[in-house]
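Enquirer: Please see the structure below; I have some questions.
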Amino acid sequence: MTRGDVLETGSTRRSRRTVDPELITTLVLPVALVAMIVVFAVSSTTFFTIDNLFVVLRQSAVLGVAAIGATIILISGRLDISQGALIAASGIICVSLAQAGLHPLIAIAGAILLGALLGLVNGVLTEITRIPGFISTLAVALIVRGAAQVWTSGQSIAAPVTEGFDLLSWVGTGSIGPIPVAVILVAILYVVAWFVMRKTTWGLRSYAIGSSGRASRVAGLRVNLHAIQVFVVAGALSAAAGVLLAGRLGSGAASNGQGAEFDIFAAVVLGGTSLFGGRGSIPRTALGIVFLATLSNGLVILNVSSYWQGIATGTVLLLALAIDRWRARDEE
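Take the sequence shown: its letter number 150 is residue 139 in our numbering, and every next letter is one higher.
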């Protein structure tokens, strides 16, 4: 077979294609979300209400913040599964610093700094020592959660009760008018993240190293250094999620964020971010987070067992992975 025959065969295959994978991945999530909302609204009169809408948004805030970092990590062609442990540790540190009498702003800043430092550890282990990201971040997660259990003796640490305005509680449970503060903060973070990833050199470099690390090096990019920066940003965002959770619960515990990394991963992949790097969208990650939060909320309202909720989330993740793999094969 000649080269011309090969090209003609490829052209014929493309011309016969009747379904555009990119179009499918763009439409399937919003269509599925609308269909799910309709089903839950018909099944329960309490689902489709303003109050329940804010409940869904408040519940999605914690994972929503961490999912920004996970999206950037995957776009850069890396993997981080330590978010759950970082959420727990940062919440504990925030509450502990507040108990020590430090100003809540200092406590929050300290927790976010811890997350950034742990992200730095993840980045160095992955990029400098060349330990695969799945292994290195898993090891960090186990160490961090174990240290959190030792620090708290396996007990929950209650946030101090202060007279008057309580910043930590306000961030976690407060509202501005009818809108939860956490939802407003998350919306701001998503706008900033979208701008950074789409309108700045730093964001474009993240896409570049995820698409092809070798080509990025040839182009003069310091791939390892940029990837470490990505891990630091993701760690700080996971810590911010931990602060939101501690504020909402009024406590910090080593068990907080248990299994959160799987929900985060499911939402990010569901939002169309590729496992192979170089492709992803911050707004679509937000849609993925809202989808999973709506699914969980609707199942709770319908009194469906929590076991079935796990099955539903796992099924959604498998479907998202299948679509991502289908799209990747189509581009080969």
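Here a beta-carbon is modelled for each residue, glycine too, at the ideal position from N, C-alpha and C.
Along the alpha helix (DSSP H) that carries Gly104, what are the first and last residues, could you check?
Expert: Per DSSP, Gly104 belongs to the alpha helix (DSSP H) from Pro93 to Glu116.
Enquirer: Going by Cα to Cα distance, which pick from Leu16, Gln298, Leu310 and Ala275 is closest to Phe265?
Expert: Of Leu16, Gln298, Leu310 and Ala275, the residue nearest in Cα terms is Leu310.
Enquirer: Checking the sheet assignment: what are the DSSP bridge partners for Ile165?
Expert: Answer is Ile168.
Enquirer: Taking DSSP as the reference, what is the three-state secondary structure of Ile253?
Expert: Correct three-state label for Ile253: helix.
Enquirer: Leaving out five residues before and five after Val113 in sequence, what residues of the same chain have Cβ atoms less than 7 Å from its Cβ?
Expert: Taken in chain order, the residues that qualify are Ile217.
Enquirer: Using 8 Å as the threshold, is the stretch 248 to 263 in touch with the stretch 103 to 112, meaning 3 or more CB pairs across them?
Expert: Verdict: no, contact absent.
Enquirer: Reducing DSSP to helix, strand and coil, say where Leu(-4) ends up.
Expert: Because Leu(-4) sits at a pLDDT of 41, beneath the cut-off of 50, its placement in the model cannot be relied upon, and the following sentence gives the value as read from the coordinates. Helix at Leu(-4).
Enquirer: Once you ignore the five residues that flank Ile97 on each side, which residues in its own chain have a CB closer than 8 Å to its CB?
Expert: Answer for Ile97: Cys83, Leu156, Leu157, Val160 and Val232, listed in chain order.
Enquirer: Closer than 7 Å by C-beta to Ala275: which residues in its own chain qualify, once you throw out the five before and the five after it? Chain order, please.
Expert: Answer for Ala275: Gly53 and Tyr179, listed in chain order.
Enquirer: Quick one: what does DSSP say Ser240 is sitting in, helix, strand or coil?
Expert: Three-state DSSP puts Ser240 in a strand.
Enquirer: Identify, in the order they occur along the chain, each residue of the same chain with its Cβ nearer than 6 Å to the Cβ of Gly241, setting aside the five sequence neighbours on each side.
Expert: Closer than 6 Å at the Cβ level, and outside the excluded window around Gly241, lie Gly80, Ile81, Val84, Ile146 and Ala235.
Enquirer: Is DSSP giving Ile70 helix, strand or coil here?
Expert: In this structure, Ile70 counts as coil in the three-state DSSP scheme.
Enquirer: Is Asn286 closer than 9 Å to Asn41 when the C-beta atoms are compared?
Expert: Yes, they are a contact pair.
Enquirer: To test your reading of the DSSP string, which unbroken alpha helix (DSSP H) runs of 4 or more residues are found completely within the stretch 175 to 201?
Expert: Listed in chain order, they are 190 to 200.
Enquirer: At what residues does the alpha helix (DSSP H) containing Val54 begin and finish?
Expert: Ile39 to Ile64 is the extent of the alpha helix (DSSP H) around Val54.
Enquirer: Whose CA, out of Leu68, Thr15 and Pro93, lies closest to the CA of Ala223?
Expert: Of the listed residues, the one whose Cα sits closest to Ala223 is Leu68.
Enquirer: Do Pro169 and Leu281 have their C-beta atoms closer together than 9 Å?
Expert: No, Cβ-Cβ distance for Pro169 and Leu281 is not below 9 Å.
Enquirer: In chain order, what residues of the same chain have a beta carbon less than 8 Å from the beta carbon of Val257, not counting five sequence neighbours either side?
Expert: Contacts found: Ala56, Ala59, Thr60, Leu63, Gly269, Thr274 and Gly277.
Enquirer: Would DSSP call Ala323 helix, strand or coil?
Expert: Since the first and last residues shown for the chain are -10 and 321, residue 323 lies out of range.
Enquirer: Whose C-beta lies closer than 6 Å to the C-beta of Ala130 among residues of the same chain, with five residues either side of it excluded?
Expert: Same-chain partners within the cutoff: Ser71 and Ala74.
Enquirer: Count the C-beta pairs between the stretch 188 to 195 and the stretch 22 to 30 that are closer than 8 Å, then say yes if the count reaches three, no if not.
Expert: Output reads no: the stretch 22 to 30 does not touch the stretch 188 to 195.
Enquirer: Please identify the residue among Ala136, Phe29 and Ser201 whose C-alpha is closest to the C-alpha of Gly267.
Expert: Of the candidates Ala136, Phe29 and Ser201, the one whose C-alpha sits nearest the C-alpha of Gly267 is Ser201.
Enquirer: For Val31, name the three-state secondary structure that DSSP assigns.
Expert: It is helical.
Enquirer: Tell me the rounded alpha-carbon separation between Val28 and Asn245.
Expert: Answer to the nearest angstrom: the Cα atoms are 31 Å apart.
Enquirer: Under a Cβ-count criterion, where at least 16 other Cβ atoms within 10 Å of its own Cβ denotes burial, should Ala229 be classed as buried or exposed?
Expert: With 16 or more Cβ atoms within 10 Å of its Cβ, Ala229 is classed as buried.
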